[in-house]
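Chains as they are written, first to last, in this note's numbering: chain A, 3 to 306; chain B, 209 to 625; chain C, 121 to 399. Every residue, glycine too, gets a C-beta built ideally from N, C-alpha and C.
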Amino acid sequence: MNRARIRWHILVFLAPAVIVYTAVMIWPLFNTLRLALFSVIEQERVFVGLDNFRTLFFDPIWSEQFWNALGNNFWFFLIHMLVQNPIGIALAALLSHPRLRFAALYRSAIFIPTILSFVIVGFAWKLILSPIWGIAPSMLDAVGLKALFAPWLGKEEYALTTLALVSVWQFVGIPMMLIYAALLTIPEEILEAGEVDGITGMAAFWKIKLPLILPSIGIISILTFVGNFNAFDLIYAAQGALAGPDFSTDILGTFMYRTFFGFQLQLGDPHMGSAIASAMFAIILVGVCIYLFGIQTRMRRYQL
Amino acid sequence: MKRNTLTLALATTALVATSAFAQDATLTIESWRNDDLKLWQTEIIPAFEAKHPGIKVNFSPSAPAEYNAVLNSKLDAGSAGDLITCRPFDASLALYDAGHLADLSDLDAMSNFSDVAKSAWQTDDGAATFCVPMASVIHGFIYNKEAFEEIGVEVPTTEAEFFAVLDAFKEDGSYIPMAMGTNDQWEAATMGYNNVGPNYWKGEEGRLALIAGEQKLTDPQWVAPYATLARWSEYLGAGYEAQTYPDSQNIFTLGRAAIYPAGSWEISGFNAQADFEMGAFKPPVQNAGDTCYISDHTDIGIGMNAATDNPEAARTFLTWVASPEFAEIFGNALPGFFPLSSTPVELTDPLAKEIVGWRGECESTIRSTYQILSRGTPNLENETWGASVAAIKGTSTPEELGQELQDGLASWYEPQQ
Amino acid sequence: MNKARSNPLNTLMMHGALILYTLIALFPVFVILINSFKERRSIFREPLALPNAESYSTIGYNTVMQQGDFFLYFQNSMTVTVASLFFVLLFGAMAAYALSEYRFRGNMLMGLYLALGIMIPIRIGTVAILEMMVATGLVNTLWALILVYTAQGLPLAVFILSEFMRQVSDDLKNAGRIDGLSEYTIFFRLVLPLVRPAMATVAVFNMIPIWNDLWFPLILAPAEETKTLTLGSQVFIGQFVTDWNAVLSALSMAILPVLVLYVIFSRQLIRGITSGAVK
Numbered sequence: 003m004n005r006a007r008i009r010w011h012i013l014v015f016l017a018p019a020v021i022v023y024t025a026v027m028i029w030p031l032f033n034t035l036r037l038a039l040f041s042v043i044e045q046e047r048v049f050v051g052l053d054n055f056r057t058l059f060f061d062p063i064w065s066e067q068f069w070n071a072l073g074n075n076f077w078f079f080l081i082h083m084l085v086q087n088p089i090g091i092a093l094a095a096l097l098s099h100p101r102l103r104f105a106a107l108y109r110s111a112i113f114i115p116t117i118l119s120f121v122i123v124g125f126a127w128k129l130i131l132s133p134i135w136g137i138a139p140s141m142l143d144a145v146g147l148k149a150l151f152a153p154w155l156g157k158e159e160y161a162l163t164t165l166a167l168v169s170v171w172q173f174v175g176i177p178m179m180l181i182y183a184a185l186l187t188i189p190e191e192i193l194e195a196g197e198v199d200g201i202t203g204m205a206a207f208w209k210i211k212l213p214l215i216l217p218s219i220g221i222i223s224i225l226t227f228v229g230n231f232n233a234f235d236l237i238y239a240a241q242g243a244l245a246g247p248d249f250s251t252d253i254l255g256t257f258m259y260r261t262f263f264g265f266q267l268q269l270g271d272p273h274m275g276s277a278i279a280s281a282m283f284a285i286i287l288v289g290v291c292i293y294l295f296g297i298q299t300r301m302r303r304y305q306l
Numbered sequence: 209m210k211r212n213t214l215t216l217a218l219a220t221t222a223l224v225a226t227s228a229f230a231q232d233a234t235l236t237i238e239s240w241r242n243d244d245l246k247l248w249q250t251e252i253i254p255a256f257e258a259k260h261p262g263i264k265v266n267f268s269p270s271a272p273a274e275y276n277a278v279l280n281s282k283l284d285a286g287s288a289g290d291l292i293t294c295r296p297f298d299a300s301l302a303l304y305d306a307g308h309l310a311d312l313s314d315l316d317a318m319s320n321f322s323d324v325a326k327s328a329w330q331t332d333d334g335a336a337t338f339c340v341p342m343a344s345v346i347h348g349f350i351y352n353k354e355a356f357e358e359i360g361v362e363v364p365t366t367e368a369e370f371f372a373v374l375d376a377f378k379e380d381g382s383y384i385p386m387a388m389g390t391n392d393q394w395e396a397a398t399m400g401y402n403n404v405g406p407n408y409w410k411g412e413e414g415r416l417a418l419i420a421g422e423q424k425l426t427d428p429q430w431v432a433p434y435a436t437l438a439r440w441s442e443y444l445g446a447g448y449e450a451q452t453y454p455d456s457q458n459i460f461t462l463g464r465a466a467i468y469p470a471g472s473w474e475i476s477g478f479n480a481q482a483d484f485e486m487g488a489f490k491p492p493v494q495n496a497g498d499t500c501y502i503s504d505h506t507d508i509g510i511g512m513n514a515a516t517d518n519p520e521a522a523r524t525f526l527t528w529v530a531s532p533e534f535a536e537i538f539g540n541a542l543p544g545f546f547p548l549s550s551t552p553v554e555l556t557d558p559l560a561k562e563i564v565g566w567r568g569e570c571e572s573t574i575r576s577t578y579q580i581l582s583r584g585t586p587n588l589e590n591e592t593w594g595a596s597v598a599a600i601k602g603t604s605t606p607e608e609l610g611q612e613l614q615d616g617l618a619s620w621y622e623p624q625q
Numbered sequence: 121m122n123k124a125r126s127n128p129l130n131t132l133m134m135h136g137a138l139i140l141y142t143l144i145a146l147f148p149v150f151v152i153l154i155n156s157f158k159e160r161r162s163i164f165r166e167p168l169a170l171p172n173a174e175s176y177s178t179i180g181y182n183t184v185m186q187q188g189d190f191f192l193y194f195q196n197s198m199t200v201t202v203a204s205l206f207f208v209l210l211f212g213a214m215a216a217y218a219l220s221e222y223r224f225r226g227n228m229l230m231g232l233y234l235a236l237g238i239m240i241p242i243r244i245g246t247v248a249i250l251e252m253m254v255a256t257g258l259v260n261t262l263w264a265l266i267l268v269y270t271a272q273g274l275p276l277a278v279f280i281l282s283e284f285m286r287q288v289s290d291d292l293k294n295a296g297r298i299d300g301l302s303e304y305t306i307f308f309r310l311v312l313p314l315v316r317p318a319m320a321t322v323a324v325f326n327m328i329p330i331w332n333d334l335w336f337p338l339i340l341a342p343a344e345e346t347k348t349l350t351l352g353s354q355v356f357i358g359q360f361v362t363d364w365n366a367v368l369s370a371l372s373m374a375i376l377p378v379l380v381l382y383v384i385f386s387r388q389l390i391r392g393i394t395s396g397a398v399k
C-alpha cells in the first residue's frame, strides 16, 4: 500500500448506496426515535422527554390499546409459527421427494398467493367468507357442516385468527421454498448412510433431515417475526384502519397508522405515532437479538 | 365621505386588475366525494365555466376514508388544490386554526345561508366562517314498498309500530326485516344511534345541554337509544356481525331486505340499483303525537386553501357555489344531498322530496358527537361507533356503555368533569 | 432405493395432499376471475357457477375502463418498480464490489452498517420519512417511492452480491489491471456480467414487495397522478364497493399483470430462492 493515497474509486463505489441508505433509512429511523420525544403544545413543537411513552404505557386510554395491539400481534405471530411454518415444511418435504412428478407445477401454483398483493388477498377472502355472498356457508353446507359457519370476520373471538390464517395462506410459499432449498442441499450420501442403518421414510425425515434444516427454520422464524410485527396491509385491506370488530384485529402496524394519520374526526398525532414506531423498533430489535445471540449460535453448535 | 370614495375607487381598480389576472386561472378542488366525480365533470363544472370563461375547474377527489390523511399531507407539502371540500366542525376548524383554510367571512354570498347552516364551519365564537355550506344529509329509514304491500303492513310512526312491522317481516320470513351490519362500525352509530337518538334527547336541546355539561351520557335520554339498538339485532340478517356497509346496500337493493336504516345520500345510488319502488319514513317517535326530531346533518362545505395562487378566481367560484343556481343544480344532480341555501330549492326526485319534507314536520338537529365533543382523545364520535356495535351485539348493557362514554368524555372535556 | 419411497400408495397420498393444497391456493383467485364475467344477480345467486350464456357480462370491465385510470396506475407501478430495481442493483453492486474487493479501514464496520437494514423494517421510520419528503417537496412524486424502495432494497442486495463477488476470480481482475483498465471499467465490464445470476436473484426478491406495497404509496404518493396499481385498486375498491361487477373486474385486472410477470419470471424466482437465499 502506498502513502495515504486516497483511493477515490472506493468512495465512488460506496457513496451512492451509503448516501441513499443513510438518508432515507437510517436517518429517518433515528429521527423517528427523536420525534417520539416531542409533542405539539399550542401549535409549537416542544421537547417533552419520555412523556409520550408514559402516555403510551400508563395512560389507560392509550395503554389499553397498546397492550391490546401487542397481544394481538403475538397471537398473529404464534399462528404463523404454529400453522404456516409446519405446513411449509410439510409441503417442502413432499416436494423434495425424488422422482415426484409435477413437482415444479405444484411448487409454482402453491407460490401464487405469495405474489398477490394484500389488497387482492384481503378482498378475495372477505368475499369468500362473507355471510352474504355465501361461498363459505354453501361449501360447508355441501359437506353437511353448515352449523360450523359463523361470520368469522365479524366476531371478536374469531376475526384475528381468521385473518392470521388468511395471511398464512398467502405466505406459506416462503417457508416452503426456503426449506425446499435447504432440503435439496442435503447430500445424498448422508441419507444413504441412514438407510444402511435402517432409518428410512418418516424416520429419516425426523432424525436426519429435520436437524439439518434447523438453521433454515431459524431464519424463517425470525423472518416471520419481523414480518408479523411490521404487518399492516392485510388488516388494513380487510378490516380498515379501525381494525374491527372492536379493535380485536388491531396490531401495532394499524395502531401506528391510526395514531399517526388520525381517523375520521380524530386528528393525527405524529409524535405519538413515533412513540409507537419506537416501541415496534424495540420489540423487533429484541427479537432479532434473541435470534442472533441466543438461537443462532446455539444451533451452530448443535450442527457441529 | 371623500375617503370612502377613494377606497371604493381603489378597490374597483384592484378588482379590475385582479379579474384581469384571473383570466385563465385553473382551480383544483380537493374532495372525498369520489362517487360524484362524473357529476362534477358533466354538470356542475360546465355550468360554472359557461358563466366564467377564463376559469377552469378541476375536480380531484380521493377515497373518503383516506381523505383527511391525504389532505393533511398535501397541505403540509403545499401541493393541495385551491379549493378544499370541508368536513363539518372540528376537522375543518383544525385546518383553519393551522392556517390552511382562508377566512371567508367577508364573502358577500355568505348571507345566503342561515346561522345554523354556517355553524358547522365557524370558529367557536362565530367570528370567522371558513367554508361555504354546500349540503346536509337527513337520516331516516328507506323501505321496499313492494315488500310492505306483499306482507300487508303500514308505514310505522311510533316505536311500537316499528317493531310490530319488523316482527311481521320476521314471522313471514321471505325478507330480512332490516339491512344493517356491524362490520364497518360507523353504520351502527350513524344510521343507528344518531338516526333514532334525537327523538330521545330532543334534538338540539339535548345536544347543546351535553356540550354545556348540563346532561351526561349516563342520563336516560342518552342511554335509551342503546337499549333500542339492542333490540335491532334479532331483525338483522344472519351473520350481520361480518356484514359490511356495501353488503347492506346490496342486500337492500337486491330486494332481499325490507327496511334500510338510511342516510339520504343513498338515494341516487339506490335509484340506480334497485328495481322496486322505494319509500321513506322518519325515525319513529315513542308515543303517537310526540314531537319528532330528525338528524339533518350539515355534512359538506367548501373552503379556500389559504396558500392558493388564485384567490380571486377561487372566491368567484365560492360565490357561485353559494348562489341559488348552484343549489338547484347540486340538489337535483345529487338527490339526498340537500342544499343549505336559504332560498328553497325545487327537488324533482320523489324520495328526496319526501325526506326533505320532514324538515317542515320535525325539529332538525345535527349528529350529537360532531361539534366540540370530538376534539379530544378519546374521540366521542369514534367511541360511539364501538358503543353502538356493542349495544347491537349485546356485549355490553346500555348502562355500561353510557358510563364508558361518559368516563372517556370527562377525561378531557372540562364541562363534563 | 428403499420400498417406502416408491410405494404407490405413498405416492398417491403425496399427490393427494399436494393437489388439495394447490386447490386451496388457487381457489380464491379462481372465484374472483369467474365472477368478474358474470352479471350482478348471478354473482350473488350462484357464486361458484361458471359464467354461461345467460349470466355472462363484462359490464364490470366497462365500468373499470371508464372510471379508474388503470393504465396510468400500471405505468406508475412499472416506473417505480423498474427504477427502484435499477438503483438497488447498481448502487448495491457498486457497494458490494467496494466491500468485497478492496481492503480499507472500516470495511467490516461498513458491511455491518449496511447489513443493519436487513432486519429492521424501513416502515418504522415512516413518520420522519414523510416529514423529509414534505420538506424536500418530493411528496406525491414517484421519486419519493423510488428512493424509499431503493433504500429498503439495498441492505439485502449488498449482502447477497458481496457474497457472490468474493467468488469472482482475482486473476481476471488483475489481468484487467495489467491491461491498464481503470477500476470502474473492471467493475462494469468484467465483474458485473459475471454476477448477473445473483443480480437476477436480488431483482426478483425485491420486485414483489415493491410492486405490492400499499403502505408507502398510501402515505407518500396518494395523488391521482402518482397512484400505483396496488393503491389504485385499493382506492377503486373503496369507491365502487357496492358495484361488485366493477370490484371483481378491478381485482382481476390487478391480478393479471402480476400473474403474467410471475409466469415470465417464475423459474428465475424459484432458482433465485433455492440458490442464493439460504446462506
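Under the three-state reduction of DSSP output, Lys246 (chain B) falls in the helix class. Residue environment: Gln494 (chain B) is assigned as exposed (fewer than 16 neighbouring CB atoms within 10 Å of its CB, all protein chains considered). Counting C-beta pairs with one atom in each stretch, the region 389-404 of chain B and the region 436-450 of chain B have three or more that are closer than 8 Å, which means they touch.
In chain order, Gly348, Phe349, Tyr351, Val363, Pro364, Thr365 place their CB closer than 8 Å to the CB of Phe489 (chain B), counting only its own chain and leaving out the 5 sequence neighbours on each side.
Residue pairing by DSSP places Ile237 (chain B) opposite B:Phe267, B:Leu291 in a beta bridge. For Phe49 (chain A), none of the residues of chain B pass the 7 Å Cβ criterion, the least Cβ distance being about 21 Å.
The beta carbon of Thr577 (chain B) is closer than 6 Å to those of Leu588, Glu589, Thr592 in its chain, skipping five residues each way along the sequence. DSSP places Ser218 (chain A) inside the alpha helix (DSSP H), whose first and last residues are 212-230.
Counted as a single uninterrupted DSSP element, the alpha helix (DSSP H) harbouring Gly273 (chain C) occupies residues 262-285. Classified as buried, Glu238 (chain B) has 16 or more neighbouring CB atoms from the shown chains inside 10 Å of its CB. Along the region 388-410 of chain B, the positions whose C-beta sits under 9 Å from a C-beta of chain A are Gly389, Thr390, Asn391, Asp392, Gln393, Trp394, read in chain order. In the DSSP annotation of this structure, the continuous segment of the alpha helix (DSSP H) that includes His135 (chain C) starts and ends at 128-155. For a Cβ distance threshold of 7 Å, nothing in chain C lies close to Gly447 (chain B): the least Cβ distance comes to about 14 Å.
Shown in chain order are the members of the region 459-490 of chain B whose Cβ falls below 7 Å from a Cβ of chain A: Ile459. Not a single CB atom of chain A sits nearer than 8 Å to the CB of Val200 (chain C). Contact between Ile384 (chain B) and Ile459 (chain B) is confirmed by a C-beta separation of about 6 Å, below the 8 Å threshold. For Val228 (chain A), the chain C residues whose Cβ falls inside 7 Å of its Cβ are Met239, Pro241, in order along the chain. Within the region 262-275 of chain A, Phe262, Phe263, Pro272, His273, Gly275 place their CB atoms closer than 9 Å to a CB of chain C, listed in sequence order. Contacts with chain C at 8 Å (Cβ-Cβ) include Ile130 (chain A). Here the alpha carbons of Glu413 (chain B) and Ser572 (chain B) stand approximately 11 Å from one another.
For the region 159-176 of chain C, the set of positions with a beta-carbon nearer than 9 Å to some beta-carbon of chain B reads Arg160, Arg161, Phe164 in chain order. Between the alpha carbons of Gln45 (chain A) and Gln272 (chain C) lies a distance of about 33 Å.
In this structure, the CA atom of Ala281 (chain A) is about 30 Å from the CA atom of Gly175 (chain A).
Per DSSP, the unbroken beta strand (DSSP E) holding Asn352 (chain B) starts and ends at 339-352. Put simply, the CB of Trp154 (chain A) is near chain B, with a gap under 8 Å to one of its CB atoms. Separation of Gly237 (chain C) and Ile224 (chain A) (C-alpha to C-alpha, rounded to the nearest whole angstrom) is 14 Å.
Proximity of the region 269-283 of chain C to the region 206-214 of chain C meets the contact definition, three or more beta-carbon pairs being nearer than 8 Å. Restricted to the region 543-595 of chain B, the beta strand (DSSP E) segments that are unbroken, complete and at least 3 residues in length are 571-573, listed in chain order. The beta carbons of Ala239 (chain A) and Thr256 (chain A) sit no closer together than 8 Å.
Cβ proximity to chain B below 9 Å picks out Gln241, Gly242, Ala243, Leu244, Gly246, Pro247, Asp248, Phe249 from the region 227-251 of chain A.
Considering only beta carbons, the part of the region 60-82 of chain A lying closer than 7 Å to chain B consists of Ile63, in chain order. DSSP places Thr390 (chain B) in the coil class of the three-state scheme, outside both helix and strand. Residues of the region 570-600 of chain B with a Cβ closer than 9 Å to any Cβ of chain A, in chain order: Thr577, Tyr578, Ser582, Arg583, Thr585, Pro586, Asn587, Leu588, Glu589, Asn590, Trp593, Gly594, Val597, Ala598. Distance from the CA of Asp498 (chain B) to the CA of Tyr408 (chain B), rounded to the nearest whole angstrom, comes to 11 Å.
Residues of the region 122-148 of chain A with a Cβ closer than 9 Å to any Cβ of chain B, in chain order: Lys128, Leu131, Ser132, Pro133, Ile134, Trp135, Pro139.
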